[in-house]
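First the structure, in the form of structure tokens, and then the observations on it.
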Ligand code: ATP
Ligand code: MG
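Residue numbers (full-length UniProt numbering): 7 to 693.
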């Protein structure tokens with residue numbers, strides 16, 4: 007009887023309600039929600055968590071995993087709103103208790119610190135980001151002499167990619183080499199030795215890389231002594247965007263909940279876009295078959311996000327895919343406006359087009375925040391960023407270069423990390439070499455001295471620096487021992503690091519003033535974290551994004567445009583969406599056309615991009631685009647044609663237009679005097 011139904015349930019459609027009420031708050035059979043874009047999967051998940059809490063589940067015993075930390079905190083806020091409405095008490099109490107929300111990696115890091123003692127891990131471990139990992143791989147590579155004797159040995163980045171792939175796909179090295187890195191297959195023996203050395207180095211230095219967070223977690227969860235306790239901590243485990251999880255992540259879920267009880271996963275196989283990170287679309291397809299008890303499967307069929315015309319075009323694009331499980335969705339949002347295919351001359355014109363369209367929209371009352379520009383590769387937005395800056399249009403860019411990638415920010419963090427874990431060589435080498443007079447061999451000697459000492463700070467103090475470093479040495483020793491002792495309260499120790507670092511910054515960089523602003527911003531960010539350890543862990547796992555504003559990210563209430571790679575746009579929606587470079591060579595990217603699988607993944611990417619749009623969608627097609635030079639071929643322009651994912655057969659789903667920054671009507675001299683129709687001539691020849 008719907009009169010007794012709480013308002014939050016009444017708003018849902020029948021299938022969504024089924025998913026939300028499945029088990030009615032109790033621990034129950036595994037649940038899979040599989041459905042297309044914009045059908046309310048994420049929204050259903052938030053309602054389900056709220057419903058569990060309303061029905062008495064303990065929020066501290068709910069584990070909720072999403073694709074990004076941002077998505078997790080948004081989800082928590084939503085749960086607070088929905089549950090708060092019904093429970094009527096201060097809803098922030100609920101979210102404060104809903105502490106186990108985050109990404110797989112973030113949750114893994116927290117659990118590993120909790121259980122470190124039990125699994126023989128030093129709880130002071132530090133985490134390496136991809137760049138640190140590559141640096142460590144490089145150190146080991148040098149130690150083994152592979153970089154010298156073997157001239158064409160894979161680069162540090164390739165070595166790391168192979169290693170990571172092997173770990174995440176849980177596949178043997180030989181297989182990974184054969185199928186993904188065939189040009190490295192000749193190095194199998196050396197790579198085996200290198201990886202063994204890399205793993206050993208990580209253990210000796212008490213550092214974990216991204217993959218280790220999952221690897222240790224999976225291992226820990228399957229150890230009989232720990233698994234029952236670990237799995238017993240959570241009554242409900244829920245995962246969004248399940249199509250983009252890999253084998254290792256799936257194995258973590260089954261280790262936590264071997265019979266699937268209390269498990270909920272949601273996703274869309276048509277949006278699987280992370281296979282390059284070994285994501286396994288089979289995870290979601292195989293989910294129902296995994297457990298002794300049958301899973302409840304819910305499919306959603308209505309799209310609430312996009313207009314009918316946008317959805318029709320997106321369905322047409324994905325309809326050409328060779329393999330697909332979810333069905334086409336329907337929308338009830340009528341619209342006369344088809345998505346636009348916009349022809350422009352080049353990327354500069356593309357940037358002007360997007361800027362004027364966005365400003366025109368803003369004139370009619372659509373905030374910048376309600377609009378987004380998406381692209382396949384981070385560098386595609388270069389000309390647009392220049393144009394936006396020129397026109398003073400503020401923006402935030404997701405998925406591009408991160409704030410933390412800046413050398414000076416990395417230096418600061420390395421100091422903290424070195425103090426947190428003096429065995430972390432990548433951090434140590436970076437920090438020590440900031441001091442004038444200390445190069446790689448001195449840095450090496452210092453860490454060796456520290457390692458043989460019972461107390462690292464004392465070991466550091468014992469070291470006699472070379473003459474050139476003598477002046478700066480005592481200051482560093484003092485800083486290090488104070489950081490080690492934790493004598494200052496967080497985030498005051500970060501300020502202490504900055505004061506120590508500033509003279510070095512000025513010596514190393516000419517643009518020190520600008521960089522100093524970043525350091526101050528880092529302190530502001532730091533203030534939002536409870537401890538040095540949480541700050542380091544969370545920043546490493548999910549770094550803040552770069553912005554157009556040197557003073558830092560715009561405040562919440564300011565208006566700014568979103569620029570994002572398609573990968574980072576996952577799960578989100580905007581009123582207006584622009585997709586840059588919808589041409590062959592960009593979508594699909596020229597690296598992504600090797601196999602049928604790769605092309606299919608590129609198609610799904612375009613589908614993801616298109617289904618972000620609510621009311622209007624512009625696919626922009628520059629007639630030529632710029633390619634950054636590789637080796638002999640140099641920088642060059644490439645003439646482009648419409649993306650192969652929009653073949654002539656589906657063109658009727660779009661409105662085709664052309665745009666030029668100088669319109670003929672503005673300049674009468676530019677009106678055409680004669681019309682030469684080459685097309686007509688050529689058509690005759692092609693017959
Ligand atoms: P994606 O596959 O892109 O992650 P999704 O399936 O997770 O999409 P949501 O983001 O949850 O979809 O929802 C898309 C939009 O539809 C949101 O704006 C949401 O508020 C709205 N929506 C979902 N369900 C309903 C409903 N029953 N009634 C009205 N609006 C709804
Ligand atoms: Mg979603």
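Virtual Cβ for every residue (Gly too), placed ideally from N, Cα, C.
Residue i, enclosing alpha helix (DSSP H) - first and last residue
i: residue 506; result: 498 to 514
i: residue 482; result: 479 to 491
i: residue 270; result: It is not in any alpha helix (DSSP H) - residue 270 instead sits in the beta strand (DSSP E) that spans 269 to 273.
i: residue 85; result: 75 to 93
i: residue 566; result: Taken as a continuous stretch (DSSP letters only), residue 566 belongs to no alpha helix (DSSP H), as it is neither H nor E.
i: residue 403; result: Where residue 403 is concerned, there is no enclosing alpha helix (DSSP H), although the beta strand (DSSP E) it sits in stretches over 401 to 404.
i: residue 4; result: In this structure the chain extends from 7 to 693, so residue 4 is not present and cannot be described.
i: residue 209; result: 194 to 211
i: residue 603; result: 602 to 616
i: residue 228; result: 216 to 228
i: residue 49; result: 47 to 60
i: residue 120; result: 110 to 121
i: residue 255; result: 253 to 262
i: residue 592; result: Careful: residue 592 lies outside any alpha helix (DSSP H) and carries neither H nor E.
i: residue 530; result: 518 to 532
i: residue 465; result: 462 to 468
i: residue 292; result: 288 to 292
i: residue 32; result: Run containing residue 32: none; DSSP gives neither H nor E here.
i: residue 169; result: 162 to 175
i: residue 16; result: 13 to 16
i: residue 316; result: 314 to 325
i: residue 541; result: 538 to 547
i: residue 454; result: 446 to 457
Limits of the beta strand (DSSP E) - the one that residue i falls within
i: residue 627; result: 619 to 628
i: residue 414; result: Where residue 414 is concerned, there is no enclosing beta strand (DSSP E), although the alpha helix (DSSP H) it sits in stretches over 413 to 426.
i: residue 580; result: 580 to 585
i: residue 302; result: 302 to 306
i: residue 645; result: 642 to 645
i: residue 25; result: Note, residue 25: premise wrong, no beta strand (DSSP E); alpha helix (DSSP H) at 20 to 27.
i: residue 661; result: 661 to 664
i: residue 68; result: 68 to 71
i: residue 38; result: 37 to 41
Anticipated Cβ contact below 8 Å, residue i with residue j, distance rounded
i: residue 2; j: residue 109; result: There is no way to answer for residue 2, as the model of the chain reaches only from 7 to 693.
i: residue 118; j: residue 176; result: Residue 118 to residue 176, Cβ: 19 Å. No contact.
i: residue 548; j: residue 112; result: 7 Å
i: residue 54; j: residue 25; result: 6 Å
i: residue 694; j: residue 262; result: This structure cannot speak to residue 694, because the chain is shown only from 7 to 693.
i: residue 292; j: residue 332; result: Actually they are not in contact, since the Cβ atoms of residue 292 and residue 332 sit about 15 Å apart, beyond 8 Å.
i: residue 544; j: residue 75; result: 7 Å
i: residue 448; j: residue 277; result: That belief does not hold up - the Cβ atoms of residue 448 and residue 277 are roughly 51 Å apart, past 8 Å.
i: residue 150; j: residue 200; result: 6 Å
i: residue 48; j: residue 577; result: 6 Å
i: residue 296; j: residue 251; result: At roughly 13 Å, the Cβ-Cβ gap does not stay under 8 Å, so residue 296 and residue 251 are not in contact.
Closer than 8 Å to chain D by CB, residue i
i: residue 201; result: Annotation note: the requested chain D is absent from the structure, which comprises a single protein chain.
Closer than 7 Å: residues whose CB approaches a heavy atom of ligand 2: 47, 48, 246, 247 and 577
List, from N- to C-terminal side, the alpha helix (DSSP H) runs of 4 residues or more that fit wholly inside the segment 128 to 154. 136 to 150
Length at least 4, wholly inside the segment 334 to 388: the alpha helix (DSSP H) runs in chain order: 353 to 369
Counting pairs of Cβ atoms below 8 Å between the segment 34 to 53 and the segment 264 to 280, do you hit three or more? yes
Between the segment 427 to 435 and the segment 505 to 512, can you find at least three pairs of beta-carbon atoms closer than 8 Å? no
Quick test of the definition: if touching needs 3 or more C-beta pairs under 8 Å, does the segment 343 to 360 touch the segment 657 to 666? yes
Touch test, the segment 617 to 633 against the segment 316 to 327, Cβ-Cβ under 8 Å, three pairs minimum: yes
If we count Cβ pairs, one from each stretch, closer than 8 Å, do we get three or more for the segment 211 to 228 versus the segment 130 to 141? yes
Inspect the CB distances between the segment 448 to 467 and the segment 507 to 517 and report whether three or more fall short of 8 Å. no
Touching or not, the segment 524 to 536 and the segment 493 to 503, by the rule of three or more beta carbon pairs under 8 Å? yes
Within the chosen definition, does the segment 56 to 71 reach the segment 566 to 575 through at least 3 CB pairs nearer than 8 Å? no
Under 8 Å, with one C-beta from each stretch per pair, do the segment 238 to 246 and the segment 195 to 202 reach the 3-pair mark? no
With three or more beta-carbon pairs closer than 8 Å as the criterion, would you say the segment 117 to 132 touches the segment 415 to 427? yes
Quick one: any contact between the segment 574 to 589 and the segment 627 to 634, if contact means 3 or more CB pairs under 8 Å? yes
Is the segment 377 to 384 in contact with the segment 414 to 423, if contact means three or more CB pairs nearer than 8 Å? no
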